[in-house]
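Encoded as structure tokens, the structure appears first; notes follow it.
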Amino acid sequence: MFLNAKEFNSKIFNKVDNVTDMSQMFLNATAFDQDLSSWKVNNVKNMNSMFLGATKFNQNLNEWNVENVTDMSWMFKDTTSFNNELSKWKPKKAIDMSHMFEGAIKFDQDISKWNVSSAKNMKDMFKDAKAFKQDLKDWDITSVSNMEGMFELATKFNGDISSWDTRNVESMSGMFKGATSFNKDISNWDTSKVKDMSYMFSDAINFNQNINTKDNSNKKTWDVSKVTDMEGMFSGATKFNSELSKWNTSNVNNMRKMFKNAKVFNNNISNFDIKNVKYFNNMFENASTFNQDLSKWSFKHLGNNKNIDTESYDLNATSWKAEWKPDSSSNTPAQPAPVEPTPTPNPVQPTPVPQPQSVPTPHKPVDPVKPDKPDQPIKPDESLKPVDPKPTDSTKPITPTKPIQPTDNKKPESKPIQPTEDKKPIQPKTPENKPDNQAKPDNKTQTKNVNNKTAFVAVSAVSILAILAISSVVILIKKKKNK
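Residue numbering for the sequence shown follows the working numbering, starting at 364 and increasing by one per position.
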């Protein structure tokens, strides 16, 4: 009706007895501040955003009958001047109270007697209501399912809410985020249906209460078995150091920043079940006191995302022993990409080793060369008398009448031994028994070592020729005698 009427500030005399919807009626009417106490709002069901952004409005509405209103969401959001009494209100049918006093930075009135038994949504109800510090212990919040951010940045709130029945609450995300004064006992809360606890105590710098799971006679308190998100739950909770060892975290998939900047936290959480947790980024960043043995924790289930999803999880956790960190007992990468098995090669047949070829053995000489003294000259048989051969021309080589046939079946050469061009024929020398030092035709004093094999053949040939010569002489003598 007066939506965005930023200059409107006139009196309203109209009757509103039959009005059922007043949603956004004075939305952003930043100048409006008129008396509305006489209005009859008995039939109104919707007051959503009615005074949202009416920054100057601060009138008495305590006499209004709001029993039929079902939607009060955003009603006084950002009414930065509003701080009037509402203690007589009985919003027993109100279902949605989300954001109702968000940003109402001056509001601090007693609303402890309100009947809120029908309320289901209290998300951000007192968010940033920096002055609010009233007692709400008698509120019946049995029907509430959403308390996300309910006291976020309500920096003075420290009311007793220990007896609240939270059995139907599903989200407590950011509920006490930045509630810097809050430190009340909530150990008996039923959290069995809660799924989201992300940032619940983030920057709640004074909070340090026992919220460990325990079995009471009629209920189990702080049962976190259905919680899936614990991101930033205690981040910046600089005094928190309570036991959490009995928590069942089997369904949690996000623990990012859970203890980031929780500078004094150092309790045993080794029993946490992290098999379904996908995100550990910055989990213990700046948790400078933390030093618990979590070596049984493993990040292997993260597979190829391990490095991304654990980035900075221990950044500046200066007291934490390296051997107590997750996966510290194993250097095996977390679930590495599968490696194709190397195919088994066909067996390689060994290369056949060639059999050594038999080398023809030369005919044994009469006096074989001893193996231990291969360089000694071969001595002729002393039993044979030397026969002076007929004088021959020393310049001509001795040519046998018949080629010498080797006794070996395999004939290495069929031709008689011929002297090579680089080796002069060996001349026999009777006075000296040195077959290796034969005189050369040019009578020079230079000597030359003859290859052992060549010398051996030459000496053998000379010996045979000598025997043949002696035999011939004997035959001739016999013939003469017979004549």
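Using N, Cα and C, we set each Cβ at its ideal position, and we do this for glycine too. Since the structure is predicted, the reported quantities are computational estimates derived from the model, not experimental observations.
**Study point:** The alpha helix (DSSP H) enclosing Lys688, as first and last residue numbers
**Key:** Position 325 of the sequence shown, counted from the start, is the residue given in the question as residue 688. Run containing Lys688: none; DSSP gives neither H nor E here.
Review point. Shortest alpha-carbon distance to Phe603 belongs to which of Asp656, Asp690, Lys626, Phe539?
Key: Here residue 603 corresponds to residue number 240 of the sequence shown, with the count starting at 1. If we check each option's Cα against that of Phe603, Lys626 comes out closest.
Exercise for review: Please report how far the alpha carbon of Ala824 lies from the alpha carbon of Ile833, in whole angstroms.
Suggested key: Within the sequence shown, numbered from 1, the residue matching residue 824 stands at position 461. Within the sequence shown, numbered from 1, the residue matching residue 833 stands at position 470. The alpha-carbon atoms of Ala824 and Ile833 are separated by roughly 14 Å.
Check your understanding: Smallest Cα separation from Gln397: which of Met535, Asp498, Phe420?
Key -> Start at 1 with the first residue of the sequence shown, and residue 397 comes out as number 34. Taking only the C-alpha atoms, the option nearest Gln397 is Phe420.
Check your understanding: Going by DSSP, which residues form a beta bridge with Tyr642?
Key -> Looking up residue 642 in the sequence shown gives position 279. The partner list for Tyr642 (beta bridge, DSSP) reads Asn617.
Point to revise | Bridge partners - Lys583, DSSP secondary structure assignment | key: Position 220 of the sequence shown, counted from the first residue, corresponds to residue 583. According to DSSP, Lys583 bridges with Asp578.
Review point. Exposed or buried, what is Phe376 when buried is set at 16 or more other beta-carbons lying within 10 Å of its beta-carbon?
Key: On the sequence shown, position 13 is the one that residue 376 refers to. Here Phe376 is exposed. Its C-beta has fewer than 16 other C-beta atoms within 10 Å.
Review point. To the nearest whole angstrom, what separates the beta carbons of Ser544 and Thr518, a pair I think is in contact under 8 Å?
Key: The residue labelled residue 544 in the question sits at position 181 within the sequence shown. The residue labelled residue 518 in the question sits at position 155 within the sequence shown. That pair is a contact at about 6 Å.
Check your understanding: In terms of alpha-carbon separation, which member of Lys659, Asn630, Val479 lies closest to Ile574?
Key -> Translated into positions along the sequence shown, residue 574 becomes position 211. Nearest option by C-alpha distance: Asn630.
Review point. In its own chain, which residues sit with a C-beta less than 7 Å from the C-beta of Thr652, not counting the 5 before and 5 after it?
Key: Looking up residue 652 in the sequence shown gives position 289. The residues are Lys626, Val627, Phe628, Asn629, Ser682.
Check your understanding: Which of the three DSSP states, helix, strand or coil, is assigned to Ser534?
Key -> Taking the sequence shown and counting its residues from 1, one reaches residue 534 at position 171. Ser534: strand per DSSP, three-state reduction.
Check your understanding: Can you tell me whether DSSP reads Asn668 as helix, strand or coil?
Key -> Looking up residue 668 in the sequence shown gives position 305. The answer is helix: DSSP assigns Asn668 an H, G or I state.
Point to revise | Residues sharing a beta bridge with Asn509, DSSP | key: On the sequence shown, residue 509 is found 146 positions in, with the first residue counted as 1. Note: Asn509 sits in a beta bridge opposite Asn484, Ser534.
Check your understanding: What residues in its chain sit with their C-beta under 6 Å from that of Lys403, if we drop five residues either side in the sequence?
Key -> In the sequence shown, the residue the question calls residue 403 occupies position 40. Spatial neighbours of Lys403 in its own chain (CB-CB distance under 6 Å, excluding positions within 5 residues in sequence) are listed in chain order as Asp380.
Check your understanding: Are the Cβ atoms of Gln541 and Glu511 separated by less than 9 Å?
Key -> As a working mapping, residue 541 is identified with position 178 in the sequence shown. As a working mapping, residue 511 is identified with position 148 in the sequence shown. Looking at the sequence itself, residue 541 is Gly, so the reference to Gln does not match. No, they are not a contact pair.
**Study point:** DSSP bridge partner residues for Asn409 (one or two, in chain order)
**Key:** For this step, residue 409 is matched to residue 46 along the sequence shown. For Asn409, which the question treats as bridged, DSSP gives the partners Asp384, Asp434.
Check your understanding: Is the beta carbon of Asn649 less than 9 Å from the beta carbon of Ala600?
Key -> Taking the first residue of the sequence shown as 1, we reach residue 649 at position 286. Taking the first residue of the sequence shown as 1, we reach residue 600 at position 237. Their beta carbons are not under 9 Å apart, which means Asn649 does not touch Ala600 by this criterion.
Practice item. Indicate whether Leu424 and Asn391 have their beta-carbon atoms separated by less than 9 Å. Key: Taking the first residue of the sequence shown as 1, we reach residue 424 at position 61. Taking the first residue of the sequence shown as 1, we reach residue 391 at position 28. Going by C-beta atoms, Leu424 is not nearer than 9 Å to Asn391.
Exercise for review: Whole angstroms is fine: what's the gap from Gly537's alpha carbon to Phe597's?
Suggested key: The residue given as residue 537 occupies position 174 in the sequence shown. The residue given as residue 597 occupies position 234 in the sequence shown. Spanning the two alpha carbons is a distance of roughly 10 Å.
**Study point:** Cβ-Cβ separation, Gln497 to Gly522 (assumed contact under 8 Å), whole Å
**Key:** Here residue 522 refers to the residue found at position 159 when the sequence shown is read from its first residue. Here residue 497 refers to the residue found at position 134 when the sequence shown is read from its first residue. Confirmed, about 6 Å.
**Study point:** Residue environment, Gly666, which counts as buried when at least 16 other CB atoms sit within 10 Å
**Key:** The residue labelled residue 666 in the question sits at position 303 within the sequence shown. By the 10 Å Cβ count, Gly666 comes out exposed.
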